[in-house]
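> One point on numbering: in the working numbering, the residue at position 480 of the sequence shown is 496, and numbering is uninterrupted. Glycine included, every Cβ here is placed at the ideal spot set by N, Cα and C. Got a structure here, written out as structure tokens. Questions coming.
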Amino acid sequence: MTTHDAPPTTAPGATTVREPAAGPGQPFVRRLWRGRPEDPRWARPALLVLLAATLLLYLYGLGASGYANSFYSAAVQAGSTSWKAFFFGSLDAGNAITVDKPPAALWPMALSVRLFGLNSWAILAPEVLMGVATVAVVYAAVRRRFSPVAGLVAGTVLALTPVAALMFRFNNPDALLALLMSAACYLVVRALEDGRTKWLVWAGTAVGFAFLAKTLQAFLILPALAVVYAVCAPVPLRKRFAQLAAATLALVVSGGWWVAVVELWPASSRPYIGGSQHNSFLELTFGYNGLGRLNGEETGSVGGGGGARGGGMWGETGWDRMFDSEIGGQISWLLPTALILLAAGLVATRGARRTSVTRASFLVWGGSLLTTMVVFSYMAGIFHQYYTVALAPYLAAVTGMGAGLLWERRREGWAAVTLAASLVAAAAWGYVLLHRTPDYLPWLRWLVLVGGLVAALGLVFVGRLTRRLALATAAVGLVAALGGPAAYTLSTVRQGHTGSIVTAGPAGASMMGGRGGGPGGPGGGRAWEGMPGQGQRNQQNQQGGPGGQGNGFPGGGFPGGTPGQNQQNGTPQNGAQPNGNGFPGGGRTREGGMGGVGGLLNGASVPAEARKLLEQDAGDYTWVAASIGSQNAASYQLATGEAVMAIGGFNGTDPSPTLAQFEKYVADGRIHYFIAGGGMGGGMGGGNGTASRISSWVQSTFTKVTVGSATFYDLTRKADD
């Protein structure tokens, strides 16, 4: 029985003719092009072509997304001008409040903006490079134990996963998280090969830095990695536990140094920790970003989950969540196939010795896939479709490994039948997903289904076919399996995406509000349909209620939304990000859904007159303006390049600053204007009523200034002056 406990020297169907080994004495370019001496001649060029194609695909039309998620772009802008804001992840250079995540994902973008200036490409190009690096890591991990073909399949599956194409072109923290978690799995497999401590320590370091990207989500795969190493490592049991302890120490140091600095830093001289209710990063980690995501009790959030089978704002939970109408088109195209191949890989290696690296590879990547999938399926708190990008590297690796192993054993009847079954699953499920958007390339679903079934029939007898015919059958099967996700990926990269919550694929491909849907929130769509996730794609949208926001609330959202800030599709004007979609900042509704929540899920259009007003005497103030909620503040900050205070953080519900603190800032002449509207706090009294009290005090005390469609209060002029 093949156990793959030594790296294979030939790939299926590859010629055995070898060029001279490209060793250390060879020129760098030759070594780069030739790759590993045992690889066939085409292997490394094929990898380089894959990486180049991924780079070009992800760079295509990158600027169409403008500032993408203005929440993080504002923090990037602040970090590019203030090292203190850079370190803490502040939303503004005045360091009033931070984003509701650690800052590691912001650092590459902030450095890029320092070098190249504030623009869409400077913000998003680092995310693209992370995507290409993740494809390379997945290829390298699969190639080490399997064939180059298996590695190329894994890399291609990852590159063409729709949610991966979305998030590796977007400025949320998920791109860095996916890269670091892929690296952690790769390093654990390296450690399993020879039992060397350094690889496990590096894996712990990768997880620690992933924690600084998205807190506890980085720890989801730790149980799987730790158990696999404890059981399968080729060293004595005592040494295994000592190595795991060393890796844990590396994790704590790499992820904890920043936490320690923040917690020990005097609160009076650092920004408020956004997303917390008591100015504590530990509270944020274990509350809003931790257990609250699991049980739905996130203090300060805009809504909870639906429970075990509920239909709350963030969709129903349950074992089939990854396959439903909200999530399926993002990630699940090859998920049934991956599960079949994972089971097949474990069966194929069941007789291998304890230290089999091949079986351990399936356990590492498959365990990471299953653990993350189960948590995502049942978490009752805030959940967005794009979170599923975390599954993409694991799914791709399992698919490549399983397909590679079964192909090598295709002359065995069970392997050929299982390989055919995995292709049938891909074709049938691809048909189902494509059928959910019946007006989108209607011919494609039939091509996927028929092509997949025909190729699957050929795979049943692949052991008896000639080499050329067998390869042709496999190629047809691969094209059929990837046809659906490739089409969704192409649709994704052809359109810009803006807002806090975005989805991949064509319009209508991912609908929030539960599996069954039904009448729900304002606007007549599914319950809250279009609120989570529809701040995206620069397309025209019909205007709706007062202010032209098309969502049933004056001003485009909850009470407190800024009225009249609709802008038609077009290029960014006056520093504002592209929009033209029916609510401030660029979100887009689906089928009459609610669309954006003005100032909550996306920013506002900034009139030229308003920008000029804020820029006057900007150097005399710490903050040129203050606004309730981060998205409204972010839009004005990005438009002017000046610090704008986000009262109450992202939702406007954080109790920062207090009314007394705000009054002191105003008395000290540190804030020039207050921007009316924005966020939930403006009219709903979030964060213990802090934002509401500030708003009421400002409106009753200071002079209103109207500039175009925007309303300000001049904090240097009393109303009775």
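Would you check if there are 3 or more beta carbon pairs closer than 8 Å linking the segment 401-417 to the segment 353-363?
Contact holds: three or more Cβ-Cβ distances are below 8 Å.
> Relative to the alpha-carbon of L140, which residue among Y637, W123 and V151 has its alpha-carbon at the smallest distance?
W123
> Would you please state the rounded distance, in angstroms, between the beta carbons of S81 and L654? I believe it to be under 8 Å.
That pair is no contact at about 13 Å.
> In whole angstroms, what separates the C-alpha of G382 from that of S712?
54 Å
> With DSSP run on the structure shown, which of helix, strand or coil describes F184?
coil
> Count the CB pairs spanning the segment 217-225 and the segment 261-278 that are closer than 8 Å, and state whether there are at least three.
yes
> For Y288, which three-state DSSP category applies?
strand
> Please classify A234 as buried or exposed, where buried requires at least 16 neighbouring CB atoms within 10 angstroms.
buried
> Would you mind working out which of T656, A641, G705 and G668 sits nearest G685, comparing C-alpha positions?
A641
> Taking 8 Å as the cut-off, does the segment 91-105 touch the segment 163-179 (at least 3 CB pairs, one atom from each stretch)?
no
> Could you tell me the alpha carbon to alpha carbon distance between N188 and Y88, rounded to whole angstroms?
7 Å
> Express the C-alpha separation of A490 and P522 in angstroms, rounding to a whole number.
28 Å
> Below 8 Å between beta carbons: does that hold for G418 and A443?
no
> Check whether the segment 393-401 touches the segment 142-162, counting contact only when three or more Cβ pairs, one atom from each stretch, lie closer than 8 Å.
Contact between the segment 393-401 and the segment 142-162 is absent: fewer than three C-beta pairs spanning the two stretches fall below 8 Å.
> Nearest-angstrom Cα distance between A229 and V405?
Distance between A229 and V405, taken at the CA atoms: about 14 Å.
> If we count Cβ pairs, one from each stretch, closer than 8 Å, do we get three or more for the segment 425-444 versus the segment 202-220?
no
> Residues in its own chain within less than 7 Å of A735 by CB, not counting five upstream and five downstream?
T717, F718 and T719
> Distance check for H688 and P178, CA to CA, integer angstroms please.
Roughly 44 Å between the two C-alpha positions.
> When the cut-off is 8 Å and only beta carbons count, does N85 lie next to chain C?
No chain C is part of this structure, which consists of one protein chain only.
> Can you name the start and end residues of the alpha helix (DSSP H) that K734 belongs to?
No alpha helix (DSSP H) holds K734; the beta strand (DSSP E) holding it covers A726 to K734.
> Measure the C-alpha to C-alpha separation of A199 and L421 and round it to an integer number of angstroms.
22 Å
> In or out: K628 buried (at least 16 other Cβ within 10 Å) or exposed?
exposed
> Opposite F690 in the DSSP bridges: which residues?
A642 and Y729
> Counting only runs that start and end within the segment 95-121, where is the alpha helix (DSSP H) found for 4 or more residues in a row?
99-104
> Output yes or no for whether 8 Å exceeds the beta carbon distance between S136 and L73.
In this structure, L73 does not lie closer than 8 Å to S136 by Cβ.
> I'd like to check one pair, G291 with F666: are the Cβ atoms closer than 8 Å?
A contact, by the Cβ cut-off of 8 Å.
> According to DSSP, V723 sits in a beta bridge with which residue or residues?
A726
> Indicate whether L449 and G334 have their beta-carbon atoms separated by less than 8 Å.
Their beta carbons are not under 8 Å apart, which means L449 does not touch G334 by this criterion.
> Do you know offhand how far L307's Cα is from V390's?
15 Å
> Across which residues does DSSP place V660 in a beta bridge pair?
A641
> Is the beta carbon of A263 sitting closer than 8 Å to the one on G220?
yes
> According to DSSP, which residues form a beta bridge with F718?
K734
> Would you give the residue range spanned by the alpha helix (DSSP H) that Q346 belongs to?
G344 to I347
> Could you check where the alpha helix (DSSP H) with W218 kicks off and where it finishes?
T213 to K230
> Measure the CB-CB distance between P409 and L174 and report whether it falls below 8 Å.
yes
> Give the range of the alpha helix (DSSP H) segment to which T264 is assigned.
L253 to L280
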